[in-house]
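Novice: So the sequence shown is numbered by this note's numbering: it starts at 56 and just counts up by one. We put the beta carbon where it would ideally sit given N, CA and C, even for glycine.
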Amino acid sequence: MFQRLEDMPYPTLALLQGFCLGGGLELALACTYRVAEDSENTRLGFPEIRLGIFPGFGGTARSVRTLGPLRGMDLMLTGRSIGAHAALKQGLVDRLSPRRHLHETARLMLLQKPLPARRPAWWTIANSGPVRPLIAAVMKRKVSAGIRPDHYPAPFALIDHWRVNAASRERMVAGEAKQVSRLITGRVSQNLIRVFQLQDRLRALGRGADSVIAHVHVIGAGTMGGDIAAWCALKGLRVSIQDQSPEQLSGAIRRARLLFGRKLRHPRLVRAAADRLIPDFRGEAIPRADLVIEAIVEETAVKQDLYREIEPRLKPGALLATNTSSIPLELLCQELARPERLVGLHFFNPVARMQLVEVIKGEKTGQNQIEQAMAFTRRIDRLPLPVVSSPGFLVNRILMPYLLEAVGIEAEGIPAEQVDQAAREFGMPMGPLELADAVGLDICMSVAGKLLSESDQAFPKAFRHRVEQGQLGRKSGRGYYDYTGKKASTGKTAVDPEMARELSDRMVLRLLNEAVACFQEGVVEGADLVDAGVIFGTGFAPFTGGPLHYIRQTGPEVLMHRLQTLEQSYGSRFSANVGWSAIS
Ligand code: NAI
Numbered sequence: 056m057f058q059r060l061e062d063m064p065y066p067t068l069a070l071l072q073g074f075c076l077g078g079g080l081e082l083a084l085a086c087t088y089r090v091a092e093d094s095e096n097t098r099l100g101f102p103e104i105r106l107g108i109f110p111g112f113g114g115t116a117r118s119v120r121t122l123g124p125l126r127g128m129d130l131m132l133t134g135r136s137i138g139a140h141a142a143l144k145q146g147l148v149d150r151l152s153p154r155r156h157l158h159e160t161a162r163l164m165l166l167q168k169p170l171p172a173r174r175p176a177w178w179t180i181a182n183s184g185p186v187r188p189l190i191a192a193v194m195k196r197k198v199s200a201g202i203r204p205d206h207y208p209a210p211f212a213l214i215d216h217w218r219v220n221a222a223s224r225e226r227m228v229a230g231e232a233k234q235v236s237r238l239i240t241g242r243v244s245q246n247l248i249r250v251f252q253l254q255d256r257l258r259a260l261g262r263g264a265d266s267v268i269a270h271v272h273v274i275g276a277g278t279m280g281g282d283i284a285a286w287c288a289l290k291g292l293r294v295s296i297q298d299q300s301p302e303q304l305s306g307a308i309r310r311a312r313l314l315f316g317r318k319l320r321h322p323r324l325v326r327a328a329a330d331r332l333i334p335d336f337r338g339e340a341i342p343r344a345d346l347v348i349e350a351i352v353e354e355t356a357v358k359q360d361l362y363r364e365i366e367p368r369l370k371p372g373a374l375l376a377t378n379t380s381s382i383p384l385e386l387l388c389q390e391l392a393r394p395e396r397l398v399g400l401h402f403f404n405p406v407a408r409m410q411l412v413e414v415i416k417g418e419k420t421g422q423n424q425i426e427q428a429m430a431f432t433r434r435i436d437r438l439p440l441p442v443v444s445s446p447g448f449l450v451n452r453i454l455m456p457y458l459l460e461a462v463g464i465e466a467e468g469i470p471a472e473q474v475d476q477a478a479r480e481f482g483m484p485m486g487p488l489e490l491a492d493a494v495g496l497d498i499c500m501s502v503a504g505k506l507l508s509e510s511d512q513a514f515p516k517a518f519r520h521r522v523e524q525g526q527l528g529r530k531s532g533r534g535y536y537d538y539t540g541k542k543a544s545t546g547k548t549a550v551d552p553e554m555a556r557e558l559s560d561r562m563v564l565r566l567l568n569e570a571v572a573c574f575q576e577g578v579v580e581g582a583d584l585v586d587a588g589v590i591f592g593t594g595f596a597p598f599t600g601g602p603l604h605y606i607r608q609t610g611p612e613v614l615m616h617r618l619q620t621l622e623q624s625y626g627s628r629f630s631a632n633v634g635w636s637a638i639s
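1) May I ask you to report which of helix, strand or coil DSSP gives P334?
2) What separation, rounded to the nearest whole angstrom, lies between the Cα atoms of T121 and L170?
3) In this structure, what does DSSP give as the bridge partners for A69?
4) Taking the continuous alpha helix (DSSP H) assigned at T599, which residues delimit it?
5) Using the three-state DSSP reduction, which class does P210 fall into: helix, strand or coil?
6) I'd like the list of long-range same chain contacts for Q254, defined as Cβ closer than 6 Å, with 5 residues on each side in sequence excluded.
7) Can you tell me the Cβ-Cβ gap for L289 and I296, rounded? I've got them flagged as a contact below 8 Å.
8) Kindly indicate which three-state DSSP category Q524 falls into: helix, strand or coil?
9) By the three-class DSSP mapping on this structure, what secondary structure does S136 have?
10) Would you decide whether G35 is buried or exposed? Buried here means 16 or more other CB atoms lie within 10 Å of its CB.
11) For the ligand NAI, I want to know if W274 counts as a neighbour, meaning its beta carbon is within less than 6 Å of at least one of the ligand's heavy atoms.
12) Taking 8 Å as the cut-off, does the region 340-348 touch the region 272-279 (at least 3 CB pairs, one atom from each stretch)?
13) Measuring only the C-alpha atoms, how far is D497 from V522?
14) Just reading off the alpha helix (DSSP H) that E465 is part of, what are its end residues?
15) What residues are listed by DSSP as bridge partners for T377?
16) For the ligand NAI, any of its heavy atoms closer than 6 Å to the Cβ of N378?
17) For P552, I'd like the list of residues in its chain whose CB is within less than 6 Å of its CB, leaving aside the five on either flank, ordered along the chain.
18) Leaving out the 5 sequence neighbours to the left and right, which residues in its chain are closer than 6 Å to P456 when beta-carbon positions are compared?
19) For S300, verify whether its CB is less than 6 Å away from any heavy atom of the ligand NAI.
20) Does DSSP put D511 in a helix, in a strand, or in coil?
21) Could you give the DSSP three-state label for L369: helix, strand or coil?
22) Is T160 close to the ligand NAI? I mean its beta-carbon at under 6 Å from any heavy atom of the ligand.
23) Assign H216 to one of three DSSP states: helix, strand, or coil.
24) Counting pairs of beta carbons, one from the region 447-465 and one from the region 478-490, are three or more of them closer than 8 Å?
25) What residues in its chain sit with their C-beta under 7 Å from that of N220, if we drop five residues either side in the sequence?
26) For S559 and A477, which I take to be in contact (beta-carbon distance under 8 Å), what is that distance rounded to the nearest angstrom?
27) Is it buried or exposed, D511, if we count other Cβ atoms within 10 angstroms and call 16 or more buried?
28) Give the DSSP bridge partners of V442, in chain order.
29) Which ranges does the beta strand (DSSP E) cover as unbroken runs of at least 3 residues, wholly within the region 262-348, from first to last along the chain?
30) Sorted by chain position, which residues of the same chain lie with C-beta nearer than 8 Å to P208's C-beta, five sequence neighbours on each side aside?
31) Under 7 Å between the Cβ atoms of G127 and S118?
32) Using three-state DSSP, classify L151 as helix, strand or coil.
33) Just list the residues that DSSP pairs D360 with in beta bridges.
34) Can the beta-carbon of N632 be found less than 7 Å from the beta-carbon of V563?
35) What's the C-alpha gap between R561 and L621?
Structure follows, in structure tokens:
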């Protein structure tokens with residue numbers, strides 16, 4: 056059908072407003088001309104690669120023809136979307152027009168029938184037989200820096216497809232159909248589509264109520280509070296931020312400016328976001344806030360004191376949220392006159408990258424408050440996951456055994472780089488020790504301490520020693536890696552495949568076992584939400600479809616057998632949870 060559209064004997068034109076992604080952009084590319092609205096809302100791109108495929112309606116041929124091989128391939132390989140002005144500059148659209156002139160612009164174009172822009176000669180050279188293999192090799196090297204073909208085959212297949220078929224348009228179209236149909240029925244693509252649907256499901260959970268929150272007050276301008284405040288301001292809310300330390304406050308404002316600059320780019324937008332974020336040393340804005348988020352030190356008594364002090368000053372109906380990672384809400388709300396207003400809003404580090412927010416319902420939290428918290432999470436473009444108040448909630452509880460196993464392996468004398476590499480080879484986006492450095496080893500220790508108090512586990516001496524020495528990770532300049540130089544020393548390293556397998560089994564199976572326990576105990580509602588939480592809260596290998604889905608696909612018996620072997624070698628921390636039999 057797209058080909059028939061392209062072959063029409065008269066000029067055709069696509070008018071683009073808002074999102075024009077994937078199949079929509081392929082359709083637009085089959086037209087003679089494209090006119091897009093000159094607006095910040097215009098976005099064009101090929102996100103297919105994120106679903107484990109690539110454009111399949113002739114889009115690989117048409118995008119390379121319209122944009123040239125380098126830009127065309129880049130757009131398809133990265134899956135990113137571009138705005139109206141970038142699209143015009145690259146030649147993806149022919150004209151931009153304000154909304155009110157869109158039809159007139161289109162009419163004039165169709166009457167004037169301008170000739171298509173001339174293609175630079177180097178496109179032909181780059182697309183030619185002798186040059187393509189060289190460019191393809193460079194593209195592959197770039198892609199390989201982040202992912203592996205057995206985990207994510209689509210980008211590699213796309214590069215091969217262009218290298219082999221770009222000589223003729225017919226071959227491009229036929230080769231594309233063949234490759235895309237192979238990929239889309241494969242396991243990876245099916246799992247990535249599942250992840251996409253899980254994301255939609257979490258989004259929908261925030262749609263139960265309209266968010267009434269316009270002003271957020273954040274207390275604590277440290278790693279988390281500062282980033283939460285900046286994110287809320289970025290997303291258009293009015294934000295005041297308070298801390299007992301003026302240095303922390305100014306540090307948070309500085310970091311926020313960097314975030315605004317990076318995300319918004321346009322000076323006018325950056326200034327507007329900066330204007331929305333107000334440092335408030337004395338907490339004078341508290342009576343005006345619809346939501347107060349507490350992100351101060353992880354100590355029950357300090358948090359309770361703060362609540363006692365601020366509760367009388369809260370606006371009636373204002374929501375009070377804590378970002379605690381490990382203190383039960385039941386304990387925190389003890390001093391409150393109205394405990395139903397306290398909810399947990401557990402953000403993840405770094406806030407700007409991790410999409411998930413666990414929304415924690417304590418025993419006394421009101422249903423209305425939970426719905427407001429979910430709607431707020433959605434309002435700031437994060438994914439809300441309702442979780443019952445239990446130690447470690449969902450994500451940290453599942454993550455902690457995995458991190459502790461990594462810490463233990465390092466203490467046995469295996470270099471941190473090798474431990475992290477083994478996890479990356481399983482498909483984790485970041486190694487566990489690198490992650491521990493990012494979170495802060497002191498925070499890890501405090502969370503793990505609270506989670507493990509009932510079990511007989513002790514921290515390895517080497518880990519305690521690091522914390523005592525003040526090697527707390529990224530924030531102190533040193534943890535498992537050194538961060539004092541320009542570039543952190545978390546580089547890749549080679550690990551013997553058999554050893555990598557043993558190490559990743561040790562770490563990942565503990566994570567899987569804990570995921571099964573959470574499912575069994577109903578920490579969230581159902582297996583899919585366990586998977587969604589772990590993927591969006593930790594970055595757990597998305598191509599697997601999530602930990603429980605991975606268990607189902609690999610076969611619970613196979614993995615349980617492996618757990619038993621590990622239990623024999625390493626002890627009871629590998630004993631299988633009773634819930635394994637329920638996964639099928
Ligand atoms: P941090 O130590 O970086 O920041 C805490 C800030 O609170 C400091 O700036 C301190 O000056 C300020 N503060 C302490 N007492 C205060 C008071 N009474 N009034 C005003 N300001 C006060 O800590 P971080 O890492 O940001 O953690 C904050 C909370 O977020 C903790 O509850 C932690 O468990 C939780 N959390 C931390 C994560 C992480 O990766 N670091 C992830 C998710 C949650």
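Specialist: Looking at the atomic coordinates:
1) If you number the sequence shown from 1, residue 334 lands on position 279. If DSSP states are grouped into helix, strand and coil, P334 belongs with the strands.
2) Indexing the sequence shown from 1 puts residue 121 at position 66. Indexing the sequence shown from 1 puts residue 170 at position 115. Cα-Cα distance, rounded: 13 Å.
3) By 1-based counting over the sequence shown, the position of residue 69 is 14. Paired residues: R89.
4) Within the sequence shown, residue 599 is the residue found at index 544, counting from 1. T599 -> no alpha helix (DSSP H), and no H or E assigned at all.
5) Translated into the one-based positions of the sequence shown, residue 210 becomes position 155. In the structure shown, P210 sits in a helix (DSSP, three-state: H, G or I).
6) Translated into positions along the sequence shown, residue 254 becomes position 199. Hits under 6 Å: none found.
7) Position 234 of the sequence shown holds residue 289. Position 241 of the sequence shown holds residue 296. With 8 Å as the limit, L289 and I296 do not qualify as a contact, their Cβ atoms being about 13 Å apart.
8) Locating residue 524 in the sequence shown gives position 469, counting from the first residue. Coil, per DSSP.
9) If you number the sequence shown from 1, residue 136 lands on position 81. Looking at S136 - three-state DSSP - the assignment turns out to be strand.
10) With the chain covering 56 to 639 only, the question about residue 35 has no answer from this structure.
11) Here the question's residue 274 lines up with position 219 in the sequence shown. Per the sequence shown, residue 274 should be read as Ile rather than Trp. Answer for I274: yes, Cβ within range of the ligand NAI.
12) yes
13) Sequence index remark: in the sequence shown, residue 497 carries index 442 (1-based). Sequence index remark: in the sequence shown, residue 522 carries index 467 (1-based). Each residue's alpha carbon lies about 6 Å from the other.
14) Here the question's residue 465 lines up with position 410 in the sequence shown. Start and end: 450-466.
15) For the purposes of this step, residue 377 is taken as the residue at position 322 of the sequence shown. Its beta-bridge partners are E349, G399.
16) Here residue 378 refers to the residue found at position 323 when the sequence shown is read from its first residue. The answer is yes for N378.
17) Taking the sequence shown and counting its residues from 1, one reaches residue 552 at position 497. Within the same chain, P552 has no close Cβ partners at all.
18) To locate residue 456, count along the sequence shown from 1; it is residue 401. These residues qualify, in order along the chain: R565, E569.
19) For this step, residue 300 is matched to residue 245 along the sequence shown. Answer for S300: yes, Cβ within range of the ligand NAI.
20) In the sequence shown, the residue the question calls residue 511 occupies position 456. Because the pLDDT of D511 is 47, which lies under 50, any placement of that residue in the model is unreliable, and the question is left without a value.
21) Against the sequence shown, residue 369 aligns to sequence position 314. Coil, per DSSP.
22) Looking up residue 160 in the sequence shown gives position 105. T160 Cβ: outside cutoff for every heavy atom of the ligand NAI.
23) Position 161 of the sequence shown, counted from the first residue, corresponds to residue 216. H216: helix per DSSP, three-state reduction.
24) yes
25) The count along the sequence shown starts at 1 and reaches residue 220 at position 165. Here the set comprises R226, M227, G230.
26) Position 504 of the sequence shown holds residue 559. Position 422 of the sequence shown holds residue 477. That pair is a contact at about 5 Å.
27) Within the sequence shown, the letter at position 456 stands for residue 511. Unreliable placement is indicated for D511, whose pLDDT of 47 sits below 50; the coordinate value is still reported in the next sentence. The residue is exposed, with fewer than 16 neighbouring Cβ atoms inside 10 Å.
28) As a first step, residue 442 must be located in the sequence shown, where it is residue number 387. I415, per the DSSP bridge assignment.
29) 270-274, 293-297, 332-334
30) Looking up residue 208 in the sequence shown gives position 153. Within the same chain, P208 has close Cβ partners G107, L238, G241, V243.
31) Locating residue 127 in the sequence shown gives position 72, counting from the first residue. Locating residue 118 in the sequence shown gives position 63, counting from the first residue. Going by C-beta atoms, G127 is nearer than 7 Å to S118.
32) Here residue 151 is taken as the residue at index 96 of the sequence shown, counted from 1. Looking at L151 - three-state DSSP - the assignment turns out to be strand.
33) What you label residue 360 is simply residue 305 of the sequence shown in a count that begins at 1. Answer is none; D360 lacks a bridge partner.
34) For the purposes of this step, residue 632 is taken as the residue at position 577 of the sequence shown. For the purposes of this step, residue 563 is taken as the residue at position 508 of the sequence shown. Not a contact, by the Cβ cut-off of 7 Å.
35) Counting from 1 along the sequence shown, the entry for residue 561 is found at position 506. Counting from 1 along the sequence shown, the entry for residue 621 is found at position 566. Near 7 Å, if we compare the C-alpha coordinates of L621 and R561.
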